[in-house]
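**Q** Keeping their order, the protein sequence lines are chains A and B.
So the first sequence is numbered by our numbering: it starts at 132 and just counts up by one.
So the second sequence is numbered by our numbering: it starts at 25 and just counts up by one.
For every residue, glycine included, the Cβ atom is placed at its ideal position computed from N, Cα and C.
None of these values were measured; they are calculated from a predicted model.
Got a structure for you, written out below as structure tokens; questions coming shortly.
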Amino acid sequence: MTDIALQDGPEIAALPARARVLRRLRLGDATFYALTQAAAIAVLALLGGVIIALLLGAMPALSKFGFDFVTTERWNPVTEVFGAIAPIYGTIVTSIIAMLIAVPIGLMIALFLTELCPIPLRRPIGITIELLAGIPSIIYGIWGLFVFAPFLQQYVQPALINTLGGLPGLSVLFAGPPYGIGVLTAALILAIMVLPFITSISRDVFEAVPPFLKEAAFGLGCTTWEVFRNVVVPYTRVGVIGGVMLALGRALGETMAVTFVIGNAHRISSSLLAPGTTISATIANEFTEAVGDIYTSALIALGLILFVITFIVLAAARYMLLRIERRIG
Amino acid sequence: MAAAAVLVGGATIALAADISGAGATFPYPIYAKWADAYKKETGTGLNYQSIGSGGGIKQIQNKTVTFGASDAPLKGEELAKWGLVQFPMVMGGIVPVVNLDGVKAGDLVLDGPTLAKIFLGEIKSWDDPAIKKLNPNVKLPSQPIAVVHRSDGSGTTYNFAYYLADVSADWKSKVGVNTSVEWPVGIGAKGNEGVANNVGQTKGSIGYVEYAYALQNKLTYTKMINKAGKTVAPTSENFQAAAANADWKSQPGYGVILGNQPGDTSWPMTAATWILMYKEPQDKAASAEALKFFGWAYKNGGKMAEGLDYVPMPANVVADIEKTWAADIKTK
Chain A
132 MTDIALQDGP EIAALPARAR VLRRLRLGDA TFYALTQAAA IAVLALLGGV
182 IIALLLGAMP ALSKFGFDFV TTERWNPVTE VFGAIAPIYG TIVTSIIAML
232 IAVPIGLMIA LFLTELCPIP LRRPIGITIE LLAGIPSIIY GIWGLFVFAP
282 FLQQYVQPAL INTLGGLPGL SVLFAGPPYG IGVLTAALIL AIMVLPFITS
332 ISRDVFEAVP PFLKEAAFGL GCTTWEVFRN VVVPYTRVGV IGGVMLALGR
382 ALGETMAVTF VIGNAHRISS SLLAPGTTIS ATIANEFTEA VGDIYTSALI
432 ALGLILFVIT FIVLAAARYM LLRIERRIG
Chain B
25 MAAAAVLVGG ATIALAADIS GAGATFPYPI YAKWADAYKK ETGTGLNYQS
75 IGSGGGIKQI QNKTVTFGAS DAPLKGEELA KWGLVQFPMV MGGIVPVVNL
125 DGVKAGDLVL DGPTLAKIFL GEIKSWDDPA IKKLNPNVKL PSQPIAVVHR
175 SDGSGTTYNF AYYLADVSAD WKSKVGVNTS VEWPVGIGAK GNEGVANNVG
225 QTKGSIGYVE YAYALQNKLT YTKMINKAGK TVAPTSENFQ AAAANADWKS
275 QPGYGVILGN QPGDTSWPMT AATWILMYKE PQDKAASAEA LKFFGWAYKN
325 GGKMAEGLDY VPMPANVVAD IEKTWAADIK TK
């Protein structure tokens with residue numbers, strides 16, 4: 132093999148068998164190259180197509196409302212006046228709260244599973260958490276509406292209103308009647324849904340930390356916390372942030388589960404217990420019965436905005452990773 | 025190539041046996057039931073996609089289906105522009121449902137202006153004088169009213185909003201009528217089942233659902249005071265009374281919204297759902313098959329409709345519709 136590959140030039144013509152083999156190998160390589168290239172280009176073309184379709188579809192609404200589309204709260208299908216700030220706000224706020232809850236808990240679970248958990252328990256707990264990722268979002272939605280929301284309404288929200296609702300500053304966030312469904316409920320469901328992403332990815336990267344590093348640290352007399360803080364976290368930062376961003380991407384775009392429990396009101400309320408809406412929930416709710424070009428176009432424009440938000444998040448994640456790598460490297 | 029052409033030809037013939045339609049979700053259960061019975065009787069099936077009224081209108085405009093179905097009627101000029109014929113197929117009732125301790129189904133009486141004020145957020149508490157005046161014998165708590173409405177676009181919302189606009193100038197100017205509207209207050213729930221569930225579990229709430237959902241979920245429906253000033257309960261007879269008293273010929277394509285119809289026993293929130301077909305269809309045979317099915321459903325489908333808490337069209341209206349078919353739809 133090696134000597135065939137190394138040979139080149141006129142001698143090969145004299146060796147037809149070798150030339151044939153060589154040609155076949157070259158052809159194989161070329162085909163392989165073309166196939167993989169086509170696959171990569173197909174994704175780019177698909178993405179380009181999606182962007183163009185979204186832009187074209189959103190054009191009527193964007194040209195009618197201009198910049199007001201992203202700054203006003205009105206969403207009136209009757210008079211066809213549309214503004215997207217309420218769903219944008221709902222999308223971002225539910226995702227941020229979900230991440231505030233899910234990231235610490237997810238990391239704690241991953242740490243427990245890799246460092247502290249008795250060996251026989253590791254697999255069962257790990258598999259249970261991964262199963263959470265396999266539950267379809269409609270199931271989370273139904274469970275949220277029929278089980279979780281009534282539970283929140285009866286026990287959790289009255290308690291929140293009675294305790295935190297009385298504190299200055301927090302009273303704005305926890306005001307109003309306990310509906311059970313609303314922005315907070317949606318955020319909690321999202322937190323449960325993204326938890327497995329954070330946990331499984333962090334666990335995998337935590338496990339990839341070379342044991343001798345940790346053993347050396349333990350040998351120096353470090354506590355478990357100190358090993359985690361000073362050895363595991365710096366070593367795995369890039370992977371953990373990747374997992375968190377994946378989870379954030381899912382939270383931003385999640386549709387069904389949120390639609391069921393957020394209350395679907397096109398309003399921005401200061402209270403987290405009040406109903407709100409998100410971009411994807413609005414599209415899912417209203418697209419089927421949207422009659423009229425501007426209405427449909429406004430919904431497509433919402434899709435375009437979600438696309439832009441997701442793009443910004445991914446770009447920010449890349450930038451963060453780059454900075455970290457540069458600092459370490 | 026020849027073999028492929030034969031195959032394709034064969035497939036077209038096989039498909040032609042099924043009637044294709046798309047649109048409104050509200051009548052889907054009864055269309056499916058009729059289709060099942062019709063197939064057993066005649067061997068002709070119905071392929072109905074319940075993708076929503078907006079989708080149904082688009083599909084018939086693109087001529088991908090033989091008929092479209094919509095909960096909101098098209099206006100006369102739209103029908104003329106596209107060359108479509110429109111007729112009502114079946115009806116249903118919309119009922120307000122409440123969740124109040126000690127109040128049973130049919131205890132509470134509301135009238136249109138009060139209902140509009142509740143959904144406008146102007147009446148905020150159950151012991152408001154306006155509600156008290158209508159219900160001198162009901163013990164009303166001093167509890168905030170939690171309004172529940174549909175979050176998805178829906179013919180139910182269209183008909184409900186139409187009624188509120190008809191009885192309240194404020195509703196007409198501030199909110200208006202459409203398959204989804206800008207709600208001044210309340211939480212949105214997805215589908216009739218979502219509203220039913222939210223009202224069922226939220227104390228002090230009020231919502232509106234199709235009659236069938238109120239019955240199945242054992243919700244506390246209210247009585248209404250109708251246009252004639254009489255208190256009526258939501259029953260099949262009262263929905264039918266609204267349909268019988270309506271002047272169907274006053275609108276092109278029978279596009280009469282049954283909200284707030286005259287008559288002593290008329291339920292004020294009755295809703296019809298419509299079928300859209302071409303006057304000059306491309307596939308005449310398919311349209312003829314579809315009309316055969318609709319004629320069969322008018323004739324034999326009444327009992328099945330009532331079984332699912334829908335309301336069949338009154339006989340005099342059906343006779344008019346069948347005359348329209350013969351005059352306007354060219355199937356030969």
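1) In this structure, does DSSP put residue 262 of chain B in helix, strand or coil?
2) Please state whether the Cβ-Cβ distance between residue 228 of chain B and residue 204 of chain B is less than 7 Å.
3) Buried or exposed: where does residue 313 of chain B fall if 16 or more other Cβ atoms within 10 Å of its Cβ makes it buried?
4) Run the CB neighbour count on residue 373 of chain B, radius 10 Å, all protein chains shown included, and call it buried at 16 or more, exposed below.
5) Tell me which residues of the stretch 78–92 of chain B have at least one Cβ-Cβ distance to chain A shorter than 8 Å, keeping chain order.
6) Taking Cβ positions, are residue 209 of chain A and residue 202 of chain B nearer each other than 7 Å?
7) With DSSP run on the structure shown, which of helix, strand or coil describes residue 334 of chain B?
8) So which residues on chain B does residue 391 of chain A lean against when the C-beta distance must stay under 9 Å?
9) To which residues of the same chain is residue 214 of chain A closer than 8 Å at the C-beta, ignoring the five residues directly before and after it?
10) Report the three-state DSSP secondary structure of residue 194 of chain B (helix, strand or coil).
11) If distances are taken between C-alpha atoms only, which option among B/121, B/290, B/163 and B/323 comes closest to residue 241 of chain B?
12) Along chain A, in chain order, which residues have C-beta atoms closer than 9 Å to that of residue 75 of chain B?
13) Short of 9 Å Cβ to Cβ, which residues in the stretch 256–278 of chain A face chain B?
14) When the cut-off is 7 Å and only beta carbons count, does residue 206 of chain A lie next to chain E?
15) Rounded to the nearest angstrom, what separates residue 29 of chain B and residue 177 of chain A at their Cα positions?
16) Compare the C-beta of residue 159 of chain A with all C-beta atoms of chain B and state if any pair is closer than 7 Å.
17) What does residue 46 of chain B touch in chain A if you count any residue whose Cβ is under 7 Å from its own?
18) At the level of alpha carbons, what is the spacing between residue 430 of chain A and residue 416 of chain A?
19) Here's a check: name, in chain order, each residue in its chain whose Cβ is nearer than 6 Å to the Cβ of residue 238 of chain B, leaving out the five neighbours to either side.
20) With distance defined between alpha-carbon atoms, name the residue in A/240, A/427 and A/453 nearest to residue 186 of chain A.
21) Compare the beta carbon distance of residue 235 of chain B and residue 258 of chain B with 7 Å and say whether it is the shorter of the two.
22) Considering residue 46 of chain B, what are the terminal residues of the beta strand (DSSP E) in which it resides?
23) As a quick exercise: from A/366, A/449 and A/265, pick the residue whose alpha carbon is nearest that of residue 331 of chain A.
24) Mapping the DSSP letters down to three states, classify residue 424 of chain A as helix, strand or coil.
25) Can the beta-carbon of residue 173 of chain B be found less than 7 Å from the beta-carbon of residue 150 of chain B?
26) Quick one, which of B/328, B/331, B/320 and B/250 has its alpha-carbon nearest residue 346 of chain B's?
27) Decide yes or no for the touch test of the stretch 281–292 of chain A against the stretch 371–391 of chain A: beta carbon pairs closer than 8 Å, at least 3 of them.
28) Quick check on residue 73 of chain B: does DSSP put it in helix, strand or coil?
29) If we cut at 7 Å on Cβ distances, does residue 204 of chain B have a partner in chain A?
30) Using a Cβ cut-off of 8 Å, pull out every chain A residue sitting near residue 221 of chain B, in sequence order please.
31) Measure from the C-beta of residue 310 of chain A to each C-beta in chain B and report whether the shortest distance is under 7 Å.
32) Leaving out the 5 sequence neighbours to the left and right, which residues in its chain are closer than 7 Å to residue 233 of chain A when beta-carbon positions are compared?
33) What's the call for residue 292 of chain B, buried or exposed, on a 16-neighbour Cβ count within 10 Å?
34) Closer than 7 Å, CB to CB, is residue 225 of chain B near chain A or not?
35) Where do the N-terminal and C-terminal ends of the beta strand (DSSP E) with residue 167 of chain B fall, by residue?
36) Residue 231 of chain A: buried (16+ other C-beta within 10 angstroms of its C-beta) or exposed?
**A** Reading it off the structure:
1) helix
2) no
3) buried
4) Any property of residue 373 of chain B remains undetermined from this structure, which presents chain B solely from 25 to 356.
5) 78, 79 and 81
6) yes
7) coil
8) 213, 214 and 218
9) 196, 199, 200, 201, 202, 203, 204, 205 and 206
10) helix
11) B/121
12) 419
13) 272, 276 and 277
14) The chain inventory of the structure shown lacks chain E, comprising the protein chains A and B.
15) Any reading at residue 29 of chain B must be qualified, since the residue scores a pLDDT of 41, below 50, and its modelled position is unreliable; the value itself is stated next. Each residue's Cα considered, the two are about 32 Å apart.
16) no
17) By Cβ distance, chain A contributes nothing, its closest Cβ being about 11 Å from residue 46 of chain B, past 7 Å.
18) 10 Å
19) 119, 121 and 245
20) A/427
21) yes
22) 43–47
23) A/265
24) helix
25) no
26) B/320
27) no
28) strand
29) yes
30) 276 and 277
31) yes
32) 322, 325, 326, 329 and 378
33) buried
34) yes
35) Residue 167 of chain B -> no beta strand (DSSP E), and no H or E assigned at all.
36) exposed
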